[in-house]
């Protein structure tokens, strides 16, 4: 079953055509990596999925809800679709534990005891249980990002969106975050959409790779096919550049 | 020296304290209601709701840029013209609430703007509604940033209550005027007493705010 379905989606910022005729289907449990040069629209695309950016025309259906339908309650989508940002966006006024427990408490009305138990389990999972009572500003970027992932998971989402989750991190922090993301991807019920420049991660974890440039999807292929023989010339150039840089 | 001793007779001091009581009463009620109204208006202006925010912004700009004394004239002399009866006390309180709400609305809007957009996006993506995001994430942080500006505004408000003496509200300044009106030798002693009393109230406000600010900071820095 499709979790996310774009049909001829157009997005404009005033006169700038940011997303051009996007058609993309992401199925339940799939892990899809979005890549492309900066300004290609991949962040815009992922942000339309939970309504952080609106679209002007076409059809976008997420978890059975039509985002352009005025009757759709966007909060219902956001309950089931978590998001992890480049700059973590943890609540600066709350402790780590409070960060994780806030949304389940006020959105899902989860009991305090259960809420705390789940939060602590998640903190164990991301290896940061000892930091539970600290504030975000006291943690490193890599730690904050793992907390942000735990915060999203606490809502028990069906789908997680990652918008350049490692781009703002020191190189030695990236590994820990990718490790947590890989563990989530191994859970076959979770749908993941990841905007990233981490080609190693894409190759290892993604089912599919989508390549974008100038607001258009130029290639949508299985991971293996994409890395072996990118069909699109622009994608092939991009790949060569990134991979020669990684070596 | 003799002037001072005579000026500060118990009868005069008691009369000043009664005026001080009115000043404090008017200040507290005005601070309370203008905080609530100002918060709501500030949020409305910030949110850019079609038409509503424009109208609210327009009203805020008009009232903010008019002297308070004119607002007092409006509530005291203007409202009876359209059939609403007032007295000096409620006309002063109403004028202060109207005027200070606009000031607080702008402080509130600036406070919300000072919080990075990522905080809102993080909360909304986490499943919170916009209202829940404001309440649990944005406002607690914004209010911390707003404390210095709010304190200045509240201090101004306390001092501005003295303007109501022009419509003969029996507050502190008015009572001092009555005393030195009867005996001009008491003019300087009364000015001094006024200065001390206003200073004590306003200084207390800033001290309480400092204490609150430090507590919040400690909590955040833990």
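Chains as they are written, first to last, in the working numbering: chain A, 777 to 1023; chain B, 11 to 232. Backbone N, C-alpha and C fix where the C-beta goes; we use that ideal spot for every residue, glycine too.
First through last residue of the alpha helix (DSSP H) which encompasses residue i
i	result
residue 956 (chain A)	947-962
residue 143 (chain B)	140-143
residue 967 (chain A)	Premise fails: residue 967 (chain A) lies in the beta strand (DSSP E), 967-971, not in any alpha helix (DSSP H).
residue 164 (chain B)	149-170
residue 64 (chain B)	62-74
residue 80 (chain B)	78-83
residue 977 (chain A)	975-981
residue 749 (chain A)	Since the first residue shown for chain A is 777 and the last is 1023, residue 749 (chain A) is missing from the structure and cannot be characterised.
residue 15 (chain B)	12-17
Residue i, DSSP secondary structure in three states
i	result
residue 927 (chain A)	helix
residue 777 (chain A)	coil
residue 179 (chain B)	coil
residue 845 (chain A)	coil
residue 864 (chain A)	coil
residue 996 (chain A)	strand
residue 804 (chain A)	coil
residue 789 (chain A)	strand
residue 944 (chain A)	coil
residue 1004 (chain A)	helix
residue 799 (chain A)	strand
residue 1014 (chain A)	helix
residue 987 (chain A)	strand
residue 125 (chain B)	coil
residue 232 (chain B)	For residue 232 (chain B), the predicted structure reports a pLDDT of 47, less than 50, and the residue's modelled location is therefore unreliable. A value from the coordinates is still provided. Coil, per DSSP.
residue 193 (chain B)	coil
residue 136 (chain B)	coil
residue 857 (chain A)	strand
residue 57 (chain B)	helix
residue 908 (chain A)	coil
residue 94 (chain B)	coil
residue 810 (chain A)	strand
residue 869 (chain A)	coil
residue 818 (chain A)	helix
Residue j beta carbon less than 8 Å from that of residue i
i	j	result
residue 930 (chain A)	residue 876 (chain A)	yes
residue 837 (chain A)	residue 937 (chain A)	no
residue 781 (chain A)	residue 984 (chain A)	no
residue 70 (chain B)	residue 115 (chain B)	yes
residue 825 (chain A)	residue 860 (chain A)	no
residue 853 (chain A)	residue 841 (chain A)	yes
residue 165 (chain B)	residue 212 (chain B)	yes
residue 186 (chain B)	residue 203 (chain B)	yes
residue 953 (chain A)	residue 922 (chain A)	yes
residue 111 (chain B)	residue 82 (chain B)	no
residue 802 (chain A)	residue 969 (chain A)	yes
residue 988 (chain A)	residue 816 (chain A)	yes
residue 148 (chain B)	residue 129 (chain B)	yes
residue 992 (chain A)	residue 972 (chain A)	no
residue 916 (chain A)	residue 949 (chain A)	yes
residue 1011 (chain A)	residue 1000 (chain A)	no
residue 144 (chain B)	residue 53 (chain B)	yes
Contact test: residue i Cβ vs the ligand FAD heavy atom, cutoff 7 Å
i	result
residue 110 (chain B)	The ligand FAD is not part of this structure, which contains no ligands at all.
Per-residue burial, residue i [other beta carbons within 10 Å of its own, 16 or more giving buried]
i	result
residue 40 (chain B)	buried
residue 133 (chain B)	buried
residue 900 (chain A)	exposed
residue 777 (chain A)	exposed
residue 232 (chain B)	Note that residue 232 (chain B) has pLDDT 47, beneath the 50 cutoff, so the model's placement of it is unreliable and the number below is only indicative. By the 10 Å Cβ count, residue 232 (chain B) comes out exposed.
residue 16 (chain B)	exposed
residue 163 (chain B)	buried
residue 181 (chain B)	buried
residue 224 (chain B)	exposed
residue 192 (chain B)	exposed
residue 891 (chain A)	buried
residue 218 (chain B)	exposed
residue 24 (chain B)	exposed
residue 60 (chain B)	exposed
residue 1013 (chain A)	exposed
residue 955 (chain A)	exposed
residue 878 (chain A)	buried
First through last residue of the beta strand (DSSP E) which encompasses residue i
i	result
residue 831 (chain A)	Where residue 831 (chain A) is concerned, there is no enclosing beta strand (DSSP E), given that its DSSP letter is neither H nor E.
residue 938 (chain A)	935-939
Note to self: Please list, in chain order, the residues of the region 101-131 of chain B that have any C-beta partner in chain A closer than 7 Å.
What the structure shows: Residues passing the 7 Å Cβ filter: 128, 129 and 131.
Check: According to a CB-to-CB cut-off of less than 7 Å, which residues of the region 138-153 of chain B neighbour chain A?
Finding: Within the region 138-153 of chain B, the residues whose Cβ lies closer than 7 Å to some Cβ of chain A are 138, 139, 142, 146, 147, 150 and 151, listed in chain order.
Notebook entry, point to check: According to a CB-to-CB cut-off of less than 8 Å, which residues of the region 796-827 of chain A neighbour chain B?
Noted result: 826
Margin query: By the 7 Å beta-carbon criterion, what residues does the region 840-851 of chain A contribute toward chain B?
Written below: 851
Check: What residues in the region 879-890 of chain A have a beta carbon less than 7 Å from any beta carbon of chain B?
Finding: So the close ones are 879, 882 and 883.
Notebook entry, point to check: Using Cβ-Cβ distances below 9 Å, what residues of the region 963-983 of chain A are close to chain B?
Noted result: none
Next item on the list: Compile a chain-ordered list of the residues in the region 56-68 of chain B whose CB is closer than 7 Å to at least one CB of chain A.
Entry: Sequence-ordered contacts of the region 56-68 of chain B with chain A are nonexistent [C-beta pairs closer than 7 Å].
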